[in-house]
Each structure stands twice: as structure tokens, then as C-alpha cells.
Amino acid sequence: MSIDQEFFPVTFPALRSLETDPFEVQSRASGHAAGYAAGLRAASGELAERIARLDAEHEAAVLHGRARIDRVIAVLGAAARALDERTLPLIEGSQDALAAAAIELAEAILGSELSRDENSARSALTRALAGADSTTVRVVRMNPVDLAGLDADTIAATGVLFAPDDSLARGDAVTEFEVGYLDARISTALARAKAAIAGEAS
Numbered sequence: 041m042s043i044d045q046e047f048f049p050v051t052f053p054a055l056r057s058l059e060t061d062p063f064e065v066q067s068r069a070s071g072h073a074a075g076y077a078a079g080l081r082a083a084s085g086e087l088a089e090r091i092a093r094l095d096a097e098h099e100a101a102v103l104h105g106r107a108r109i110d111r112v113i114a115v116l117g118a119a120a121r122a123l124d125e126r127t128l129p130l131i132e133g134s135q136d137a138l139a140a141a142a143i144e145l146a147e148a149i150l151g152s153e154l155s156r157d158e159n160s161a162r163s164a165l166t167r168a169l170a171g172a173d174s175t176t177v178r179v180v181r182m183n184p185v186d187l188a189g190l191d192a193d194t195i196a197a198t199g200v201l202f203a204p205d206d207s208l209a210r211g212d213a214v215t216e217f218e219v220g221y222l223d224a225r226i227s228t229a230l231a232r233a234k235a236a237i238a239g240e241a242s
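Final position of the sequence shown in the working numbering is 242; the numbers increase by one with none missing.
In C-alpha cells:
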């Protein structure tokens, strides 16, 4: 056996490094970018859907709130009209009652004042000749008691003719002109006041 040995070269296959292979690096980068882009698109879509859903819910809530407000306003309006319908007749009735009471009070005050001879006579004379031209007056008719309460100087100063009239109450007078007459009775003035108040209330 020969001690001489022969040596043969051994070759080992070279392994590629993923970190240094440009193709592999580019492929990995492209895959990562594509995955990231797809993730962004998915997230963006979900965000858009959520925003749309929230907008719709908000719009629905606003419409619901407006509807509730409109219903409340309608109820308040109906209540106000119903209250007016109930209170206006009461107010009008109270006004009529107050007006009637005022007239009655005026009658009572006038009756008290005119019960005095001097006040009654002078009041009747003043109203009978108010704004009248003495040259056109034919006669002034007065209650006999009132006429007796006027002194001769006062009668003479008027320059008109006076006549007693039992049909006239204390404080009343009627002035007769050549054409027409002036009704200066207290009852007539009060009747005109009542008619005016009734006309304003109606």
C-alpha cells in the first residue's frame, strides 16, 4: 500500500445574503409599501363611513329637535289663544262693569252737589248758556227751585228770558232758540256718556 495520498479541492456552494441581494431588498420594500397603502385605503374607507354615519345621526337629531320645538311652540300658541278666549270676555265684562259703576258714581256725586240750591242753579245756568249767543235765545227753562235760587242781578246779566219748568229736575235746563234747542239736562249728558262707553266696548 502506498503512503502517497492524493488531495482533491473541495468546493462549497455560496449562500446568498438577503440583506445584500438588491432584488430581494426591492421585493421586500415593494411588498411592505403595498401592504401599507392597502391598510391606509381600508382605514380611510372606514373613517369615511364613520363620518357619514355620524353626519346622518347628527342631521336626524337636529331634525328631531326642530320637530319637538315646533310642537312645543304650537302647544304654547294654542294655550295662549285659549287663555285669550277665556280672559278677554272677562276683561270686557269688567270694563263694562267699571264704566257702569263710574257713571253711577258720577250720578251720585252730581246728585249730592246739585242738592245744594246755589250749586244746582248755577250749574244749570252755566250749561244752558254755554257757547250760546244770547241774542238767539228765546227762553231758558229751569227747575222752579233752581230758578228761584238765582238772584235778580245774575238773571239780568244774562240778557235772556227764564221760565220755570216743573218737568225738569234740579240742575237741569233746556235752552230754546229760534231754531232748535239745547238739552242741558244732567240725565241727557249721562246718557250720552253711557252710550259712548257702550260704543267703545262693543
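By construction, the Cβ of each residue, glycine as well, lies at the ideal position given by its N, Cα and C atoms.
Compute the Euclidean distance between the alpha carbons of Asp212 and Ile226, then round it to the nearest angstrom. 6 Å
Between the C-alpha atoms of Ala96 and His72, what's the straight-line distance to the nearest angstrom? 36 Å
Whole angstroms are fine: how far does the CA of Leu230 sit from the CA of Arg108? 56 Å
What ranges does the beta strand (DSSP E) occupy inside the segment 165-235, keeping only unbroken runs of at least 3 residues that lie completely in it? 177-182, 202-204, 213-217, 221-223
Alpha-carbon spacing of Ile91 relative to Ala78, whole angstroms: 20 Å
Close beta carbons around Ser152, own chain, < 8 Å, minus the five adjacent residues each side: Interpretation of Ser152 is limited by its pLDDT of 48, a score under 50 that renders its predicted location unreliable; the figure taken from the coordinates is listed afterwards. Excluding positions up to five away in sequence, the list is empty.
Proximity winner among Arg111, Thr175, Ala82, relative to Ala197 (alpha-carbon distances): Thr175
Check whether the Cβ atoms of Val200 and Val180 sit closer than 8 Å, and answer yes or no. yes
Considering only the beta carbon of each residue, do Ala185 and Thr215 sit closer than 8 Å? In the sequence as presented, Ala is not what sits at residue 185; that position holds Val. Cβ atoms of Val185 and Thr215: not closer than 8 Å.
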